[in-house]
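K.L.:
Next up is a structure, given as structure tokens.
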Amino acid sequence: MFKHLGKTRTLKHNLRIASLLSFVAGIVNVAGFLAVQRLTTNVTGHFAFFVDEVFKLHFWEGFVYFLFIFFFFLGSFVSNFLVELISRKNANYIYVIPTIIESIILFTVALFGEILINENPNLIAFSLLFAMGLQNSLVTSISRATVRTTHLTGLFTDLGIELSQLFFYKQEDQKTRLYSSIKLRLTIISFFFLGGIIGGVFYATYELHVLILAGATLLIGIAYNDWKLRLILLQRKIKILHKRK
């Protein structure tokens with residue numbers, strides 16, 4: 000799910016990572032908005048508000064919106080910096096550190112978010128945007144931009160394009176490629192939607208503690224991937240031993 004990079008990835012790998020991370024993003028999107036009335040998984044809306052506040056000469060408010068954009072960017076920068084750094088030592092574990100950092104942020108906001116809402120609600124938005132920048136950059140790097148999980152605008156654009164292409168591309172290999180891509184888009188959208196529903200339902204009772212579910216989902220994904228990697232390495236060792244015999 001995490002360990003395969005670029006061309007070595009199959010549709011199965013992309014579907015797994017897409018479902019996991021889009022589910023997490025859906026929870027964060029709804030929980031963050033309900034908590035602080037801010038978008039916490041993408042920055043498109045923040046850029047519009049930033050420009051609006053600057054034109055109104057509300058420079059402090061504009062600066063806050065700029066910081067929303069900056070923290071998403073910073074998360075993306077840090078994530079890819081870590082990926083490049085770790086890949087030079089062990090490419091099998093490039094995903095671990097960024098994902099753990101994201102989990103820690105989600106757990107921290109879940110545990111201390113109620114205090115921050117009263118004292119500094121923008122800090123919650125900064126933290127969640129940083130976490131989503133980490134996630135979006137990580138999955139983009141791993142999948143070579145095939146999978147994106149934190150916002151849906153581009154996904155619906157791509158889905159519309161690919162559905163229209165079904166009327167024109169009739170060759171078997173073209174149709175297979177389109178069906179695979181459409182399946183991936185629909186998976187991301189569906190799990191983002193599912194995460195949003197679960198985030199909204201549980202937020203009504205548990206408020207920001209629902210982010211514990213998002214953080215735990217990431218850790219489960221890491222544990223599963225590590226187990227699969229160890230199993231593959233063990234199978235390779237067994238094959239080598241059999242060949243020597």
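Sequential numbering from 0 applies to the sequence shown in numbering that gives the first Met the number 0. For glycine and all other residues, C-beta sits at the position ideal for the given N, C-alpha and C.
1) Using only the alpha-carbon positions, how far apart do Ala144 and Leu137 sit?
2) Should Thr156 go down as buried or exposed, given a rule of 16 or more other Cβ atoms within 10 Å for buried?
3) Return the CA-CA distance between Tyr223 and Ser102, expressed in angstroms with no decimal places.
4) Which same chain residues, not among the five before or five after Leu183, have their C-beta less than 8 Å away from its C-beta?
5) Between Ile181 and Glu161, which are expected to be in contact by the criterion C-beta below 8 Å, what is the C-beta distance as a whole number of angstroms?
6) Let me make sure I understand the geometry here. Which of Ala215, Tyr202, Phe48, Leu19 has the alpha-carbon closest to that of Gly112?
7) With Val42 as the anchor, note down where its alpha helix (DSSP H) starts and where it stops.
8) Phe54 to Ile68, Cα distance in whole Å?
9) Determine, using beta carbons only, whether Ala30 and Gly198 come nearer to each other than 8 Å.
10) Can at least three beta-carbon pairs, one atom from the stretch 113–131 and one from the stretch 36–48, be found at a separation below 8 Å?
P.N.:
Once the coordinates are examined:
1) Approximately 10 Å between the Cα atoms of the pair.
2) So Thr156 ends up on the exposed side.
3) Answer to the nearest angstrom: the Cα atoms are 15 Å apart.
4) The residues are Leu10, Asn13, Leu14, Ala17, Thr145, Val146.
5) Contact check for Ile181 and Glu161: beta-carbon distance about 5 Å, within the 8 Å limit, so the pair qualifies.
6) Ranking the options by Cα distance to Gly112, first place goes to Tyr202.
7) Counting along the chain, Val42 falls outside any alpha helix (DSSP H), and DSSP gives it neither H nor E.
8) Straight-line Cα distance between these residues: approximately 18 Å.
9) The Cβ atoms of Ala30 and Gly198 lie closer than 8 Å to each other.
10) Output reads yes: the stretch 36–48 touches the stretch 113–131.
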